[in-house]
Each structure stands twice: as C-alpha cells, then as structure tokens.
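Using our numbering, read the sequence shown as starting at 259 and increasing by one per residue. Report on one structure; see the data block that follows.
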Amino acid sequence: ALAVKDMAGLLTPKATTLLVTELRKKFPETPIHLHTHDTAGMGVASMFAGAEAGADIVDGAIDAMSGLSSQPCLGALVAALGEKNNVDLDALQVLNEYWESVRHQYSPFEVQALNAAIGSNVYKHEIPGGQYTNLLFQSKQLGLSGRFAEVKKAYALANKLLGDIPKVTPSSKTVGDLAQFITTTKISQEELVQNAAILPLPNSVVEYMQGGLGPPPGGFPEPFRTNVLKGRPLKDGRDCFVGRPGSELPSYDFKSAEKNLKEAYGEKRITHKEVLSHALYPSVFKDYLAFEKTFGDCSRLPTHMFLRPMTVGEESQLHLGQGKDYYIQLDHIDEFDEDLGTRTVTLVVNGENWFIRTPDIVTTEYSSDTSSGTSPKRREKKDPTNKGSIGTSMPGQIVAVNVEEYDEVKEGQTLFKLSAMKMETEIKAPMSGTITRLLAVQGDSVESDDLLAEIYSDD
259 ALAVKDMAGL
269 LTPKATTLLV
279 TELRKKFPET
289 PIHLHTHDTA
299 GMGVASMFAG
309 AEAGADIVDG
319 AIDAMSGLSS
329 QPCLGALVAA
339 LGEKNNVDLD
349 ALQVLNEYWE
359 SVRHQYSPFE
369 VQALNAAIGS
379 NVYKHEIPGG
389 QYTNLLFQSK
399 QLGLSGRFAE
409 VKKAYALANK
419 LLGDIPKVTP
429 SSKTVGDLAQ
439 FITTTKISQE
449 ELVQNAAILP
459 LPNSVVEYMQ
469 GGLGPPPGGF
479 PEPFRTNVLK
489 GRPLKDGRDC
499 FVGRPGSELP
509 SYDFKSAEKN
519 LKEAYGEKRI
529 THKEVLSHAL
539 YPSVFKDYLA
549 FEKTFGDCSR
559 LPTHMFLRPM
569 TVGEESQLHL
579 GQGKDYYIQL
589 DHIDEFDEDL
599 GTRTVTLVVN
609 GENWFIRTPD
619 IVTTEYSSDT
629 SSGTSPKRRE
639 KKDPTNKGSI
649 GTSMPGQIVA
659 VNVEEYDEVK
669 EGQTLFKLSA
679 MKMETEIKAP
689 MSGTITRLLA
699 VQGDSVESDD
709 LLAEIYSDD
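Below you can see the structure in the form of structure tokens.
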C-alpha cells in the first residue's frame with residue numbers, strides 16, 4: 259500500500275485530489291491510504307476529496323476525540339461519503355458515547371489554550387498535529403506562557419534553519435527544541451548562525467547536524483551546520499556520520515539484555531515485553547519501574563483516582579476483583595517531614611484506620627538545600643553583563659557536571675548538561691579561564707538565568 263501521512267494537516271481538497279489522481283494513474287492496483295490532521299479545519303473536506311479521487315482508505319478520529327490537532331471527525335466523513343463507506347453511522351454513535359466518557363476522565367490534561375492556538379497559520383509554521391499539544395505544554399513549562407505565537411514563528415524559522423525537513427518524530431522534536439531555544443533566548447537568525455559553536459544548543463539539534471537522523475532530503479544547511487559542529491565531535495572523534503547512522507549500530511543483544519534486567523529487577527518482573535520496552539526507551543522504562551517500586555502496581559486503580567488526588571474527607575470505592583471491594587476515605591495528611599521527605603497519610607479503609615508514610619516529591623524539591631546535594635529554594639541569578647557568569651537559558655534539571663572549582667577550561671568546552679521537558683542541552687564555556695565558583699551539582703533543579711558557575715580570565 260501507499261501511505262500518505264500529512265502530519266501537519268497541510269493538504270487542501272484541491273491538492274488532495276491532484277495527489278491521489280496522479281498516484282492512482284501511476285499505481286492503478288496499489289491501495290492508497292490517506293492520513294491527515296485537522297489543524298486548519300480542512301481535514302474532513304480533504305479526506306472526502308481523497309476518497310472521491312480514488313483513495314482506498316482515509317483516516318478519521320472518533321467524534322469525541324476528533325478535530326483541532328487530532329484527525330478529522332469520523333462521523334462527519336461517514337455522513338459525507340454516504341453509501342460509499344462501509345461504516346454504520348448509528349453504530350458509530352455507540353462507540354462515540356463511550357469515548358466521550360473516557361475523555362471526561364482525562365479532562366485535567368486538556369490543553370484549554372489549544373483551541374485558540376490552532377488555526378490556518380499551520381500553513382506557515384507546519385507544526386505536526388501530534389506535536390502541537392506537547393509543544394504548547396513544554397512552552398508553558400519553560401516559562402513561555404502567553405508567547406506561543408512567538409514559538410510558532412520561531413518554529414517556522416527553525417524549520418528553515420534546519421533545511422525545511424520532513425517533520426515526523428524525532429525530526430519534529432529537533433525543530434521544536436530549536437524553536438523554543440530561539441524564543442527563550444530571543445536570539446536573531448544571524449546571531450544564532452554566527453555563534454552556533456558556543457551557544458548551549460539543544461542536544462537534538464547538535465545530533466541532527468552530526469547526521470544522527472541521517473542526511474535530510476535537501477542536504478544540511480550551511481554555514482549553520484559547520485558552525486554547530488565546531489568543537490562537537492562524535493565519541494569516536496569523527497566530525498559527523500556519513501550516510502545512515504543506524505547502519506553502523508551492532509545488532510542488539512536481547513538475550514544479554516534480558517539476563518541483565520532479570521538480575522536487576524527479578525525473574526518474575528521481566529518478560530519479553532519489558533525487554534522490548536527497555537530496548538526502545540531505557541530511561542523511561544527505568545523511571546517507570548522506580549515509580550512502581552515506590553508506589554506499587556497502580557494499574558488497578560480507577561482512572562479518576564490515579565489522575566485526581568483525593569481531598570481530605572473524600573471517599574472512593576476500589577474494586578480489585580471478585581469479593582475485593584474497598585471503601586477508602588482520606589482522613590488526614592500530616593505535616594511534611596523534612597528529614598525523610600515524606601508525609602504520613604491516614605486512610606479509613608472499610609472502617610479501619612490505615613497509616614501510610616508516602617514520599618512527597620513536590621515539597622522535597624522546594625524545601626531541599628545545597629548541603630544535601632539538591633536544589634535550594636532560591637538561586638543566585640547570572641550577571642548578564644559578565645561574560646564569565648554561566649547561567650541557564652531555560653528551566654530544567656542538571657544531569658551532568660563536567661568541571662570542578664579551579665579547573666582551567668577552554669572556550670566552547672561543555673561544562674554542564676541540562677534536561678528540560680525531554681530536551682537535553684549542553685552549557686558551554688563562553689570564554690577560556692578558571693572556574694572560580696561552582697554553584698550546581700548533578701540533580702539540581704534550576705530556573706531560567708540561574709547562576710551555575712563563574713569563569714575568571716586575565717585577558
């Protein structure tokens with residue numbers, strides 16, 4: 259089959275008709291499958307035009323989940339196609355009622371600003387539908403609330419700077435990371451290209467320029483790429499990959515991985531599913547098992563109990579199987595224990611008091627001090643007039659510290675690695691000199707412009 263994936267929803271009815279007609283002429287016997295997003299509100303019309311032009315399959319989303327950055331409304335497509343489709347509209351409504359109730363459970367995660375942020379300007383910035391909500395949420399977390407219009411303009415600029423590439427995960431993430439960097443730093447295109455060698459660019463941008471995603475269809479943009487690669491060699495010393503980087507990877511040893519995982523987490527916990535999960539997303543997998551170790555198996559909890567914290571006095575029913583019904587009331591929450599980083603929670607379970615000591619991760623992050631190796635309540639800010647004052651360009655967590663106090667460093671040397679909303683950046687030395695102050699350790703949570711270190715130079 260031929261699959262046409264229009265991830266940003268750029269197809270118009272006229273363009274869809276032209277595309278499908280020509281594909282059908284070229285491949286008369288091959289099934290054609292169309293997929294789009296409804297970002298500009300054009301999805302239903304475009305998919306209808308595609309079906310009329312000879313497409314065999316057109317994608318839609320169940321009505322309750324459709325529209326905006328999702329796929330076009332399936333019910334509307336069914337009604338528009340009439341007898342040409344193979345879906346019963348009445349049967350579809352039964353499914354839609356179910357998904358309406360499911361969506362209600364996840365309402366805390368609805369991005370209300372999405373309604374206003376989406377529109378026909380997608381034809382300018384080309385943000386994929388699947389990335390839209392993530393980018394909006396990440397922008398908010400990075401302190402860019404109210405500036406999403408700037409992020410969208412920066413996305414168009416970032417796309418141009420990276421070579422106007424096809425934007426599907428992970429290439430779309432690279433464009434989004436650079437867009438947020440541009441917006442956060444308020445840097446111009448000329449300054450970005452000229453100073454790319456020493457700027458704390460997102461790792462995804464550096465890895466893309468190193469050829470980590472392979473060569474883009476139109477080639478790498480110059481001189482931006484050359485400047486990005488200065489002082490950023492691959493681990494083996496080469497400047498960049500040549501051709502498809504995946505061809506250099508050794509075969510993955512599933513048997514060895516399974517053995518190591520079972521030694522770490524136990525024979526019973528690891529199945530072929532866990533081995534595959536770890537192979538695909540090792541850090542996410544480890545985080546999940548760490549969560550499970552702390553809080554147990556939460557898969558049996560009702561959705562509303564997992565997503566919405568109970569309030570004092572609230573009662574809920576928990577059904578864990580035949581004859582296993584529990585009526586749980588949250589009775590009391592103790593004060594935060596700064597020594598242990600926990601709170602004692604009192605629950606009334608089927609009339610009996612249960613006392614459970616549980617970690618309070620949120621309060622711990624705000625109350626910890628530097629002596630414990632974690633972040634203080636408030637940090638000193640960098641001095642924008644002092645070139646040797648090293649700060650953060652965005653909020654995040656320090657995941658690596660590569661220097662110590664009184665170390666001699668060179669301009670462009672990587673001092674820190676910062677992780678922010680799945681995006682890693684390297685913070686480099688803007689000048690050569692001596693580290694006179696080091697104010698961050700691995701694991702610190704930092705805000706924009708927090709002071710991390712100071713460099714002194716006699717020059």
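Beta carbons: idealized from backbone N, C-alpha and C, even for Gly.
ask   = Which term fits residue 292, buried or exposed, when burial requires 16 or more other beta carbons within 10 angstroms of its beta carbon?
value = Counted from its first residue, the sequence shown places residue 292 at position 34. Classification of residue 292: buried, given that the 10 Å Cβ count is 16 or more.
task = Specify the secondary structure class of residue 676 as computed by DSSP and reduced to three states.
result = Taking the sequence shown and counting its residues from 1, the one referred to as residue 676 is at position 418. Note: residue 676 maps to strand in three-state DSSP.
task = Assign residue 655 to one of three DSSP states: helix, strand, or coil.
result = In the sequence shown, counting from the first residue as 1, residue 655 sits at position 397. Strand at residue 655.
request  = Using a threshold of 9 Å, state whether the C-beta atoms of residue 591 and residue 604 are closer than that.
outcome  = Here residue 591 refers to the residue found at position 333 of the sequence shown. Here residue 604 refers to the residue found at position 346 of the sequence shown. Yes, Cβ-Cβ distance for residue 591 and residue 604 is below 9 Å.
request  = Report the rounded CA-to-CA distance for residue 635 versus residue 566, giving the unit in angstroms.
outcome  = Along the sequence shown, one-based indexing puts residue 635 at 377. Along the sequence shown, one-based indexing puts residue 566 at 308. Bear in mind that a pLDDT of 46 at residue 635, under 50, signals an unreliable position, so the number given afterwards is only what the model happens to contain. Put simply, the backbone Cα of residue 635 is about 27 Å away from that of residue 566.
ask   = Which residue comes first and which comes last in the alpha helix (DSSP H) that contains residue 377?
value = As a working mapping, residue 377 is identified with position 119 in the sequence shown. No alpha helix (DSSP H) holds residue 377; DSSP gives it neither H nor E.
ask   = Are the stretch 464 to 473 and the stretch 428 to 444 touching by the rule of at least three beta carbon pairs closer than 8 Å?
value = When Cβ pairs closer than 8 Å are counted between the two stretches, the stretch 464 to 473 is seen to touch the stretch 428 to 444, the count reaching three or more.
Integer-rounded CB distance, given that residue 664 should sit under 8 Å from residue 693 = Residue 693 sits at position 435 when you count from the first residue of the sequence shown. Residue 664 sits at position 406 when you count from the first residue of the sequence shown. Yes, they are in contact, since the Cβ atoms of residue 693 and residue 664 sit about 6 Å apart, within 8 Å.
Supposed close pair residue 288, residue 305 - CB separation, criterion 8 Å = For the purposes of this step, residue 288 is taken as the residue at position 30 of the sequence shown. For the purposes of this step, residue 305 is taken as the residue at position 47 of the sequence shown. The pair is not a contact, with the Cβ atoms about 19 Å apart (cut-off 8 Å).
key: Beta-carbon proximity check, residue 436 vs residue 460, cutoff 9 Å   = Taking the first residue of the sequence shown as position 1, residue 436 is located at position 178. Taking the first residue of the sequence shown as position 1, residue 460 is located at position 202. Cβ distance < 9 Å, so residue 436 and residue 460 count as in contact.
inquiry  = For residue 595 and residue 602, I'd like the C-alpha separation in whole angstroms.
reply    = The residue labelled residue 595 in the question sits at position 337 within the sequence shown. The residue labelled residue 602 in the question sits at position 344 within the sequence shown. Between residue 595 and residue 602, the C-alpha separation is close to 9 Å.
message = DSSP three-state label for residue 287, please.
response = Walking along the sequence shown from the start, residue 287 turns up at place 29. The answer is coil: DSSP assigns residue 287 none of H, G, I, E or B.
task = Would you mind sorting residue 614 into buried or exposed? The rule is 16 or more other CB atoms within 10 Å of its CB.
result = Position 356 of the sequence shown holds residue 614. Counting the other CB atoms within 10 Å of its CB gives residue 614 a total below 16, which places it among the exposed residues.
query = Using the rule of at least 16 other Cβ atoms within 10 Å of the residue's Cβ for burial, across every protein chain shown, is residue 325 buried or exposed?
reply = Against the sequence shown, residue 325 aligns to sequence position 67. By the neighbour-count rule (16 or more Cβ atoms within 10 Å), residue 325 is buried.
DSSP three-state assignment for residue 540, whether helix, strand or coil = On the sequence shown, position 282 is the one that residue 540 refers to. Helix, per DSSP.
message = Can you tell me where the alpha helix (DSSP H) holding residue 461 begins and where it ends?
response = Counted from its first residue, the sequence shown places residue 461 at position 203. Residues 461 to 467.
7 Å CB neighbourhood of residue 471 in its chain, flanking five on each side removed = As a position in the sequence shown, residue 471 is number 213, starting the count at 1. Excluding residues within five positions, the ones whose Cβ falls inside 7 Å are 428 and 429.
request  = Decide if the stretch 641 to 656 is in contact with the stretch 684 to 693; the criterion is three or more beta carbon pairs, one per stretch, under 8 Å apart.
outcome  = As far as the Cβ criterion goes, the stretch 641 to 656 touches the stretch 684 to 693, which means the pair count is three or higher.
inquiry  = According to DSSP, simplified to helix, strand and coil, what is residue 328?
reply    = Locating residue 328 in the sequence shown gives position 70, counting from the first residue. Reduced to three states, the DSSP call for residue 328 is coil.
query = Near residue 260, what residues of its chain come up, given a Cβ to Cβ distance below 8 Å and the 5 sequence neighbours on each side ignored?
reply = Stepping through the sequence shown from its first residue, residue 260 is reached at position 2. Excluding residues within five positions, the ones whose Cβ falls inside 8 Å are 281, 285, 288, 289, 290 and 291.
key: CA nearest to the CA of residue 272, picked from 349, 311, 684 and 513   = Within the sequence shown, the letter at position 14 stands for residue 272. Out of 349, 311, 684 and 513, 311 has the C-alpha closest to the C-alpha of residue 272.
message = Which of the three DSSP states is assigned to residue 323 in this structure?
response = In the sequence shown, residue 323 corresponds to position 65, counting from 1. Correct three-state label for residue 323: helix.
query = Got a sec: does the ligand ADP put a non-hydrogen atom nearer than 8 Å to the Cβ of residue 416?
reply = For the structure depicted, the ligand ADP is absent and the ligand set is empty, with no information on it obtainable.
key: Three-state secondary structure (DSSP) of residue 502   = Counting from 1 along the sequence shown, the entry for residue 502 is found at position 244. Note: residue 502 maps to coil in three-state DSSP.
task = Determine the burial state of residue 321: buried for a count of at least 16 other Cβ atoms within 10 Å of its Cβ, exposed for fewer.
result = Taking the sequence shown and counting its residues from 1, one reaches residue 321 at position 63. Buried: at least 16 other Cβ atoms inside 10 Å.
inquiry  = Within the continuous alpha helix (DSSP H) that includes residue 415, where are the two ends?
reply    = Within the sequence shown, residue 415 is the residue found at index 157, counting from 1. Its alpha helix (DSSP H) spans residues 406 to 419.
query = Using CA coordinates, which residue listed in 666, 697, 662 and 652 is at the minimum distance from residue 676?
reply = Here residue 676 is taken as the residue at index 418 of the sequence shown, counted from 1. Looking at the Cα atoms, 652 is the closest of the given residues.
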